[in-house]
Amino acid sequence: MINVLWLRSSLWSRVVVYFLLISAVVFTLLPFLWAAVNSIKTSADTFLPGAVIPFVNFQPTLDSWRGVLEDPQVENAFVSSMVVSLGTTIFGLILGVPAAYALARFRFPIGSNDIALWFLSQRVLPPAVVLVPFYLLLVHLRLIDTWTGLIFCNSTFNLAFAVVIMRDIFRDVSTEIEDAAKVEGARPWQVFWKVSLPLSVDGLVVTSVLIFAFTWNEALFSAALTSQSATTFSALVLASRSTRGVDFNVASVNTLIGVLPPVILYFFVQRYLARGLSFGAVKG
Amino acid sequence: MAAVAVRRREYGAVFKYVLLLPAVIWVIAFTFLPLISVIQYSFANYVLGEGITGYVGFANYENVLTDHRFWHSIMVTAIYVVVTVPVEVVLGFLAAWLVSLGAPGSRGFRTIIGMPLFALEVAIGYLGVTMFSSQGGVVAVVLGLIGIHIPWLSTPAGGISAAIILDIWRWTSFVFLIVLAALGSIPSDLYDAAILDAKNHWQVMWRIGLPLAWPVTTIAILLRIVECLKVFAIPYALTTGGPGASTEVFSATDYLTTIQFFDFGKGSAMGIVFLIMVAVIITVFFRQMRKALD
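Top line first, the protein sequences correspond to chains A and B.
According to the working numbering, the first sequence holds residues 17 to 300 in order.
According to the working numbering, the second sequence holds residues 33 to 326 in order.
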């Protein structure tokens, strides 16, 4: 934080800065507040624009929360999203972290940067383009409408995060510590598993949160490759958008439920997050 | 001793490939092979239940290239990218600059302004239906107070605008978080020097903040372009492509062609045409990323 600039600021510019920051906060929070207020209204009250403050303008009710939470479909979808997001995170790390370590530590016939970029290039491919082969492959493997099928698809597109971010993290682990371990007689895999990995826990946590959040948010595969048993929360929201139409209550409760898991994770890791988001370009 | 060293080296040589290859094989199996199969399907006549019944040359491509709906979706996607990315970058950068000034309470500001990145896009799109609704939607009500009535969701222009506003809300936080970290890593003595001959904050930002945070900002821009070209959740949840197909982005058109209408041949050809179109952008993207990574 650049306190120098703030300390040298005039009162006038301090007022302007606070005004702009508060505007940004209002803009950011508005949809959340709108969802919160509408989630505790009766559906009749949602059409009264003046009804803003609970108990004063309208009588709050938990009916729409109850309605959504008691719906077994919602519960299943929430569990599906959890399992798929966690599964993708774990699988993505298992595949990506060793590769990241190899790229950070060893020389290959092709440059480490080129290989990292090759992994990153998958993010360019729109999921919609490979929908046909993925669909047919999952049908063939009998993995259509299963958690495993979704975990496979999402891992493919999130692997790049694990490789590129963790490569950068491993590069910062001092080679001296590794060399010391080697002198002690540690084998390469022991150096990786017992020395470098424990020193990179920050990076692992950030990578995990990003993969989790991106998978949680994913809607195209979820909608196309599930029909019932593995329907994720995002696919369910998309479906209720078409079946229920404009339902203020359902939209609001869904928004708040859907936001919760990734936002909670965000609160814990926000300080380290930028490094992962920029694929390691920001040194944290 | 020498033999042991050689065996060690060989072990190391094998070990690095054991670490790297599973990920490489996975990518080849699930990105490159599917892509080859998309090319194959784009030349095929596919019948649901029977599979490929024959090859039809460029008929699928002809079908795509003469399809008004496809071209319209490309145009909508292009508008979407051209408007959202610059706005998100400018707003994200400004917000990051303001927070990085270190006013009391900055941590709280950072937490809140970064939050939308973790909001579920389809839910935000659905919520947008209520916010932009002409009956009691907050946007319509607030604008109505100052006498502005915009038919958001019943017209193509209104629908795209609403989706763009929600996208800006969601993704500005992405640029914000990245730029904030870049600004935070600028040594503070640079500011000490700059502040002596700068008239105001604005000048310090232009002379120090922007140039030093620029390399990282370019990455944010490129990542936004790449992700934005794939956009699906927000516009589709908001308008389901309507009225008609007027607000359908490319991913939505391809999704509907493949999964709703099961026209795998046309859907595949559509994907290939789109990929060729973005090839130019991808090339630029790689060149920039490479510079940044080196």
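Every residue, glycine too, gets a C-beta built ideally from N, C-alpha and C.
These numbers come from a predicted model, not from an experiment.
Span separating the alpha-carbon of residue i from that of residue j
{"i": "residue 197 of chain A", "j": "residue 293 of chain A", "result": "32 angstroms"}
{"i": "residue 158 of chain B", "j": "residue 205 of chain A", "result": "48 angstroms"}
{"i": "residue 174 of chain A", "j": "residue 28 of chain A", "result": "46 angstroms"}
{"i": "residue 227 of chain B", "j": "residue 244 of chain B", "result": "15 angstroms"}
{"i": "residue 181 of chain A", "j": "residue 223 of chain A", "result": "7 angstroms"}
{"i": "residue 234 of chain A", "j": "residue 104 of chain B", "result": "24 angstroms"}
{"i": "residue 319 of chain B", "j": "residue 114 of chain B", "result": "20 angstroms"}
{"i": "residue 161 of chain B", "j": "residue 271 of chain A", "result": "12 angstroms"}
{"i": "residue 21 of chain A", "j": "residue 229 of chain B", "result": "13 angstroms"}
{"i": "residue 82 of chain B", "j": "residue 59 of chain B", "result": "29 angstroms"}
{"i": "residue 118 of chain B", "j": "residue 192 of chain A", "result": "44 angstroms"}
{"i": "residue 280 of chain A", "j": "residue 270 of chain B", "result": "25 angstroms"}
{"i": "residue 144 of chain B", "j": "residue 44 of chain A", "result": "7 angstroms"}
{"i": "residue 74 of chain A", "j": "residue 242 of chain B", "result": "48 angstroms"}
{"i": "residue 213 of chain A", "j": "residue 202 of chain A", "result": "14 angstroms"}
{"i": "residue 38 of chain A", "j": "residue 79 of chain B", "result": "57 angstroms"}
{"i": "residue 301 of chain A", "j": "residue 210 of chain A", "result": "Lying outside 17 to 300, the shown extent of chain A, residue 301 of chain A is not represented and no answer is given."}
{"i": "residue 126 of chain A", "j": "residue 133 of chain A", "result": "11 angstroms"}
{"i": "residue 95 of chain A", "j": "residue 171 of chain A", "result": "18 angstroms"}
{"i": "residue 272 of chain B", "j": "residue 293 of chain B", "result": "16 angstroms"}
{"i": "residue 106 of chain A", "j": "residue 195 of chain A", "result": "29 angstroms"}
{"i": "residue 300 of chain A", "j": "residue 185 of chain A", "result": "Residue placement at residue 300 of chain A cannot be trusted, given a pLDDT of 46 that sits under 50; what the coordinates show is reported in the next sentence. Distance between the alpha carbons of residue 300 of chain A and residue 185 of chain A: 10 angstroms."}
{"i": "residue 16 of chain A", "j": "residue 86 of chain A", "result": "No statement about residue 16 of chain A is possible, as the shown extent of chain A runs from 17 to 300 and does not include it."}
Cβ neighbours of residue i in the same chain (closer than 6 angstroms, five flanking residues each side left out)
{"i": "residue 245 of chain A", "result": "161"}
{"i": "residue 199 of chain B", "result": "116, 266"}
{"i": "residue 203 of chain B", "result": "120"}
{"i": "residue 310 of chain B", "result": "261"}
{"i": "residue 166 of chain B", "result": "172"}
{"i": "residue 329 of chain B", "result": "Residue coverage of chain B in this structure runs from 33 to 326, which leaves residue 329 of chain B outside it and unanswerable."}
{"i": "residue 114 of chain A", "result": "none"}
{"i": "residue 226 of chain A", "result": "177, 292"}
{"i": "residue 253 of chain A", "result": "270"}
Proximity test, Cβ basis, 8 angstroms: residue i and chain A
{"i": "residue 206 of chain B", "result": "yes"}
{"i": "residue 112 of chain B", "result": "no"}
{"i": "residue 232 of chain B", "result": "yes"}
{"i": "residue 33 of chain B", "result": "Bear in mind that a pLDDT of 44 at residue 33 of chain B, under 50, signals an unreliable position, so the number given afterwards is only what the model happens to contain. No - not a single Cβ of chain A is within 8 angstroms of the one on residue 33 of chain B."}
{"i": "residue 279 of chain B", "result": "no"}
{"i": "residue 148 of chain B", "result": "yes"}
{"i": "residue 203 of chain B", "result": "no"}
Per-residue contacts from residue i into chain A (C-beta, under 8 angstroms)
{"i": "residue 153 of chain B", "result": "233, 235, 250"}
Chain B within 8 angstroms of residue i, Cβ atoms only
{"i": "residue 300 of chain A", "result": "Residue placement at residue 300 of chain A is poorly supported in this model, since its pLDDT is 46, which falls under 50; the coordinates still yield a value, given next. With 8 angstroms as the cut-off, residue 300 of chain A counts as an interface residue toward chain B."}
{"i": "residue 202 of chain A", "result": "no"}
{"i": "residue 29 of chain A", "result": "yes"}
{"i": "residue 45 of chain A", "result": "yes"}
{"i": "residue 240 of chain A", "result": "yes"}
{"i": "residue 175 of chain A", "result": "yes"}
{"i": "residue 112 of chain A", "result": "yes"}
{"i": "residue 278 of chain A", "result": "yes"}
{"i": "residue 165 of chain A", "result": "no"}
CB of residue i within 8 angstroms of CB of residue j, strictly
{"i": "residue 275 of chain B", "j": "residue 188 of chain B", "result": "yes"}
{"i": "residue 117 of chain A", "j": "residue 208 of chain A", "result": "yes"}
{"i": "residue 109 of chain B", "j": "residue 138 of chain A", "result": "no"}
{"i": "residue 176 of chain A", "j": "residue 215 of chain A", "result": "no"}
{"i": "residue 209 of chain B", "j": "residue 146 of chain B", "result": "yes"}
{"i": "residue 92 of chain A", "j": "residue 247 of chain A", "result": "yes"}
{"i": "residue 133 of chain B", "j": "residue 41 of chain A", "result": "no"}
{"i": "residue 97 of chain A", "j": "residue 250 of chain A", "result": "yes"}
{"i": "residue 77 of chain B", "j": "residue 84 of chain B", "result": "yes"}
{"i": "residue 211 of chain B", "j": "residue 306 of chain B", "result": "no"}
Where residue i meets chain B, residues with beta-carbon distance less than 7 angstroms
{"i": "residue 264 of chain A", "result": "162"}
{"i": "residue 139 of chain A", "result": "258"}
{"i": "residue 40 of chain A", "result": "127, 145"}
{"i": "residue 229 of chain A", "result": "150"}
Contacts around residue i, its chain only, beta-carbon distance under 7 angstroms, and the 5 residues preceding and following it disregarded
{"i": "residue 33 of chain B", "result": "Bear in mind that a pLDDT of 44 at residue 33 of chain B, under 50, signals an unreliable position, so the model cannot answer this."}
{"i": "residue 103 of chain A", "result": "163, 167"}
8 angstroms Cβ shell around residue i - same chain, five flanking residues per side excluded
{"i": "residue 264 of chain B", "result": "281, 283, 284, 287"}
{"i": "residue 187 of chain A", "result": "120"}
Closer than 8 angstroms at the beta carbon, the chain B residues around residue i
{"i": "residue 50 of chain A", "result": "159, 162, 163, 170"}
{"i": "residue 55 of chain A", "result": "Result: empty, since nearest Cβ-Cβ is about 10 angstroms, beyond 8 angstroms."}
{"i": "residue 267 of chain A", "result": "155, 158, 159, 161, 162"}
{"i": "residue 284 of chain A", "result": "Neighbours of residue 284 of chain A on chain B: none; closest Cβ ~11 angstroms, over 8 angstroms."}
{"i": "residue 205 of chain A", "result": "47"}
{"i": "residue 172 of chain A", "result": "58, 59, 62, 63"}
Where residue i meets chain B, residues with beta-carbon distance less than 9 angstroms
{"i": "residue 271 of chain A", "result": "151, 152, 155, 156, 158, 159"}
{"i": "residue 258 of chain A", "result": "272"}
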